[in-house]
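Here's the structure we're looking at; comments come further down.
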Amino acid sequence: MEKTLITISRQFGSGGREVAEILTKKLHCHHYNSKLVEMAAQNLHNGIHIEEAIARSYHTPEEAQGNLDKYEGRERIVENNRMYIEQAKIILNLADRPESAIFLGRCADYILRNRADVFSFFIYADDDFRSARCKTKYQGMSLRDLNREENRRKQYYEFYTGQIWGEPTNYDLMINTSNIPLEVAADTILAYIEYKRAAAARAVCGE
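Now the structure itself:
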């Protein structure tokens, strides 16, 4: 397959991360998630430990300010905005490379929205599926815990993009993983991309 750029947004607990990992193996490429936070923190030389940067990576400026005093809160807001901008630069630079890449979250669908070679997908699942995964994939977290983390990511996305998280018009395709193997979800993504490219080629040829 020719160079392929894929962004995956996902409902927390839907298996979106595993779908990205499956696609990584099928396309023999890299996928980027929390690695983007590490790269941004290193580029900024802001002295934050990587673990702390990842833990705070989906905080909006308002949430980052929290109960800090006015000065410290303002500094935290500036820091969060710098982290987002640096991550966006990294995503754009990675997308310019000749090889395929998969971006998981981090507003990548919005950051790369003007590129014709990007395909964006949203992975979601019903609560029963997500609850079952809580027990096996998330160290016993409750569905309420998953929803709390998901809401944080939703607020972060909407703050920085001005778009509605999970809005169908923002994605090429939305996939419900509740009743299909994650391997099938990954294959569906690849089949969709192949179809769209074939259709575009036919259109160019006037077929």
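Residues in the sequence shown are numbered from 96 upward in steps of one, following my numbering.
For glycine and all other residues, C-beta sits at the position ideal for the given N, C-alpha and C.
Closest by C-alpha distance to residue i, when choosing among the options
i: Tyr-255; options: Cys-202, Cys-300, Gly-235 and Leu-268; result: Cys-202
i: Leu-139; options: Ala-295, Asn-175 and Val-213; result: Asn-175
i: Ala-295; options: Tyr-219, Asp-212 and Asp-191; result: Asp-212
i: Met-134; options: Tyr-219, Met-96, Arg-112 and Lys-184; result: Lys-184
i: Arg-228; options: Gln-137, Met-96, Phe-107 and Tyr-290; result: Phe-107
i: Tyr-219; options: Arg-105, Met-96 and Glu-97; result: Arg-105
i: Gly-111; options: Tyr-290, Arg-239, Val-299 and Asn-271; result: Asn-271
i: Glu-181; options: Lys-120, Asp-222 and Ala-136; result: Ala-136
i: Ala-280; options: Gly-257, Gln-234, Asp-204 and Ile-117; result: Ile-117
i: Trp-260; options: Asn-209, Tyr-205, Ile-186 and Glu-278; result: Tyr-205
Range covered by the alpha helix (DSSP H) that runs through residue i
i: Ala-135; result: 129-139
i: Phe-224; result: 222-232
Extent of the continuous beta strand (DSSP E) run through residue i
i: Ser-92; result: There is simply no residue 92 to check, as the chain begins at 96 and stops at 302 in what is shown.
i: Thr-99; result: Premise fails: Thr-99 is in no beta strand (DSSP E) and is neither H nor E.
i: Leu-207; result: Here Leu-207 belongs to no beta strand (DSSP E), and DSSP marks it neither H nor E.
Cβ separation of residue i and residue j, assumed to be a contact under 8 Å, to the nearest whole Å
i: Ile-197; j: Ile-275; result: Contact flag wrong, Cβ pair sits at about 19 Å.
i: Tyr-266; j: Phe-217; result: 5 Å
i: Thr-99; j: Leu-131; result: Their Cβ separation, rounded to whole angstroms, is 18 Å, which puts Thr-99 and Leu-131 out of contact at 8 Å.
i: Tyr-127; j: Leu-199; result: 7 Å
i: Leu-238; j: Ser-226; result: 5 Å
i: Glu-97; j: Leu-277; result: Not confirmed; about 24 Å, so no contact.
For residue i: DSSP bridge partner residues
i: His-126; result: Ile-197
i: Ile-103; result: Leu-199 and Phe-216
Which runs of the alpha helix (DSSP H) spanning at least 4 residues fall entirely within the stretch 252-289, listed in chain order? None, since the stretch 252-289 contains no complete alpha helix (DSSP H) of that length.
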